[in-house]
Amino acid sequence: MKRKMKIEDFGRPARQLVTLEPSDLLPLPPPYDEPRPLKQLSEEQRERYEASLDGFVGIGITKPASAKEEEEFVRKFLSGLKKLLSKENNWTFLQPLVHSLDYCVKCQLCNDSCPAYVASGKQEIYRPTFRPEILRRIINKYLKKESGILRKLTASDIDLNFTLLARLAELAYRCSLCRRCAQVCPLGIDNALISREIRKLFSQEMGIAVRELHEQGTVQQLKVGSSTGITPKALANIIAFMEDDIEEKMGRRIEIPVDKEGADMLLLHNAGEFLAWPENPEAFAILLDAAGISWTLSSEIAGYDAVNYGIWYDDVQAARVAIHHAEAARRLKVKKICVGECGHSHKAMLVIADRILTGDLNIPRESALPLLADLVCNGKIKLDPKRNDFPVTLHDPCNMVRLMGIVEPQRKIVRAICPQFREMEPHGVENYCCGGGSGFAIMQSMNFPDWRNNVSARMKMKQILEAFGDVPDPAQKKYVCAPCSNCKGLLRDLIEYHGAWEKSGIFYGGLVELIVNAMTDLKKPFIEWEWH
Amino acid sequence: MAKVTLGGIEIEIDEDGFIQEPDKWNKEVAEDLAKAEKAYPMGEDHWKLVNYLRDYYLKYEIAPPVRMLVKQTGLDLKKIYELFPGGPAKGACKIAGLPKPTGCV
Ligand code: SF4
Ligand code: SF4
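Going line by line, the protein sequences match chains H and P. Counted the way this note's numbering counts, the first sequence spans residues 498 to 1029. Counted the way this note's numbering counts, the second sequence spans residues 679 to 783.
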């Protein structure tokens, strides 16, 4: 049931603050319009983990065993919050954080731009301004003691306790950091940044973070080389497999350069590609070879995995990973780093890392998309668009379009090589997040995937179905092109969850795969639809 | 994390049923895991896949790319889903005692 929720209610004891009803969710077009039950936690899981926000678990915070532990929890949070608001401890994001906390005029213009809020049937707690308001009230009541009058005017009855804070931490993982709300705000308030700073406080000051992002994410990446667990030895094995695969498809062997000192560019892939979509790095190798570009991969720790989950939850981990990436490039003496099809890595390497990498670590870094557009549009590779004669739509990764304005290169490509290309609406800088941003696509535990498939990714599902609305026949194969590994992971799970291959013939894949599929050199089609 | 009895021995599993102590894995453990994954009784093809995954894991400390698995075992994806309704990662890897896949995969 949807209930009016007041900020003051956020810390009140309740088994569950809100319950999502399938019938409240944004309707999807038929045959996807039947409400489906949402996966519930077992009683045992509810006992063990804090799940009293909405009945879903993203983090899995364990409950304090004693009153003393609870006190300690609150104390640590408050001391972390103080640090978050001080220049010495938060030089990275203090300015936009304070700006966003202080200047929101609560006009609520941003609300309807949020895919999670709208898709949930407008659940109050998912409103973009809801979580910032909780933080604001905590600050007003507990940290602004000195300014007595102001406090009386603004402070409300919000009492800190474990339940409130654990709910706040979970709530920071119901925002995919897509920044669609920030884009429409007339004052430039970035509510996504506030979500991310809340995550950061919990991680850096309290050791509370999502396992897939931290232990199995950045920690594993810095230890064995990749958040996927791929070691340098496994990488070598997979690359040999990819070379064999290319030979089979092309009729000739291409050597994939690894650790080639002095190459012009180091290409960084999200390592998920090697495991789940090796055809993507294969396609890159084929294109760069055909265009005669001097490039290399790295087999250094983190040098073969572009991901930097730190930008989603922890400044320290983000900096460590960025430095590893730059060091891998420096050791190989390349002229630049080129980031493949990975959205958040674009943000990490091309935007955030500007504040971290100095001196000889500040190696030029760029996106692969303009380079690919140049290859396709300037006749550097022989292509025949008829080979891509099936309906194609384009999904825009938030970090590429909204954050960085990389909008046209991918469009120039698909317009040139996909005769049945159609945009989904809205697109470009106004795109909707796939629903897997900020770590959601890789958070695979307990019932979180069900929340993702039904709430954060719902708007994307609707857009995709509408883009292909004129060709409902499942016999007509369709391609959602997503130039981002994280978005692809989301799309794979989403398509499977809804049975969209069986019902509508909807498949997904990257951008380079479409380019290589159009190459006249190829003996057989590069895209293999049987991997749905 | 919880302890359960699989193949007559106590093993720790995570919230999603993946065993946390890969050294304790054996044939009986696999069969008990297969029961929960609707992949029981295990026939020749089940074992072919599970043993392949297991060998790859022991060598490279990770599960192989699905495409490699398909090529090297000669079992296509459709067949794999017939054998392991949970699919190669959530079904077959779990039964082979591999850790849960992580990262953007
Ligand atoms: S964030 Fe911006 S748009 Fe949203 S309520 Fe505040 S001022 Fe208005
Ligand atoms: S960043 Fe995106 S998901 Fe988060 S509150 Fe804003 S619109 Fe919603």
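Here a beta-carbon is modelled for each residue, glycine too, at the ideal position from N, C-alpha and C.
Residue i versus residue j: straight-line alpha-carbon distance, rounded
i	j	result
H/V1009	H/N777	7 Å
H/R512	H/D530	30 Å
H/N896	H/N1014	26 Å
P/F696	H/G840	30 Å
H/R817	H/K720	12 Å
H/R862	H/I1003	34 Å
H/P526	H/K1000	12 Å
H/L662	P/L727	45 Å
H/N688	H/R696	13 Å
H/V848	P/L711	45 Å
P/K681	H/S942	18 Å
P/L776	H/P593	43 Å
H/K1021	H/E770	22 Å
H/T516	P/Y734	43 Å
H/C915	H/M901	25 Å
H/V707	H/G557	8 Å
P/D701	H/I735	25 Å
P/L753	P/A717	15 Å
P/V744	H/E744	19 Å
H/V615	P/W703	46 Å
H/F507	H/L522	22 Å
H/G748	H/K974	26 Å
Partners in chain H for residue i, counting only beta-carbon separations shorter than 7 Å
i	result
P/W715	The question names Trp, but residue 715 of chain P in the sequence shown is Glu. None at all; the shortest Cβ gap to chain H is about 16 Å.
P/L755	E1027, W1028
P/M746	F738
Anticipated Cβ contact below 8 Å, residue i with residue j, distance rounded
i	j	result
H/V889	H/C978	6 Å
P/A708	P/A774	7 Å
H/M762	H/K832	7 Å
H/K746	H/L1011	Not really, about 15 Å apart at Cβ, beyond 8 Å.
P/L747	P/Y730	7 Å
H/S796	H/L880	Not confirmed; about 32 Å, so no contact.
H/F659	H/V571	7 Å
H/L987	H/A913	Contact doesn't hold; Cβ gap of about 27 Å is too wide.
First through last residue of the beta strand (DSSP E) which encompasses residue i
i	result
H/C978	975-978
H/A616	Counting along the chain, H/A616 falls outside any beta strand (DSSP E), though it belongs to the alpha helix (DSSP H) covering 612-616.
P/I689	687-691
H/L764	762-765
H/V952	Run containing H/V952: none; DSSP gives neither H nor E here.
H/F887	Looking at the DSSP string, H/F887 is not in any beta strand (DSSP E), and its letter there is neither H nor E.
H/A1004	For the sequence presented, residue 1004 of chain H should be read as Phe rather than Ala. Its beta strand (DSSP E) spans residues 1003-1006.
H/T1017	Segment: none, H/T1017 is in no beta strand (DSSP E) and carries neither H nor E.
H/C682	Unbroken run through H/C682: none, as it is neither H nor E.
Burial state of residue i, where buried means 16 or more other Cβ atoms lie within 10 Å
i	result
H/R750	exposed
H/S700	buried
H/V602	exposed
P/Q750	exposed
P/K705	exposed
H/T855	exposed
H/P906	buried
H/Y600	exposed
P/M679	exposed
H/V813	exposed
H/C604	exposed
Chain H contact residues for residue i, given Cβ-Cβ distances below 9 Å
i	result
P/T683	Result: empty, since nearest Cβ-Cβ is about 16 Å, beyond 9 Å.
Where residue i meets chain P, residues with beta-carbon distance less than 8 Å
i	result
H/G469	Residue 469 of chain H cannot be examined here, being either before or after the span of chain H that is shown, 498 to 1029.
H/A938	C782
H/A760	Within 8 Å Cβ-Cβ: nothing; H/A760 doesn't reach chain P, min ~25 Å.
H/S982	C782
Proximal chain H residues relative to residue i, where beta-carbon distance stays under 8 Å
i	result
P/P743	I735, F738, F771, L772, A773, P775
P/D694	Q941, S942, M943
Under 9 Å from the C-beta of residue i: neighbouring residues of chain P
i	result
H/T1017	Under the 9 Å cutoff, chain P gives no residues; its nearest Cβ is about 25 Å from H/T1017.
H/T725	I740, P779, T780, G781, C782, V783
H/V804	G781, C782
Terminal residues of the alpha helix (DSSP H) in which residue i lies
i	result
H/E566	564-581
H/I783	776-788
H/R817	812-829
H/L772	769-773
H/R480	A question about residue 480 of chain H goes unanswered here, because the residues of chain H that appear run from 498 up to 1029.
H/R633	627-635
Where residue i meets chain P, residues with beta-carbon distance less than 7 Å
i	result
H/E709	T780
H/I695	In chain order: nothing, as chain P lies at least about 23 Å away.
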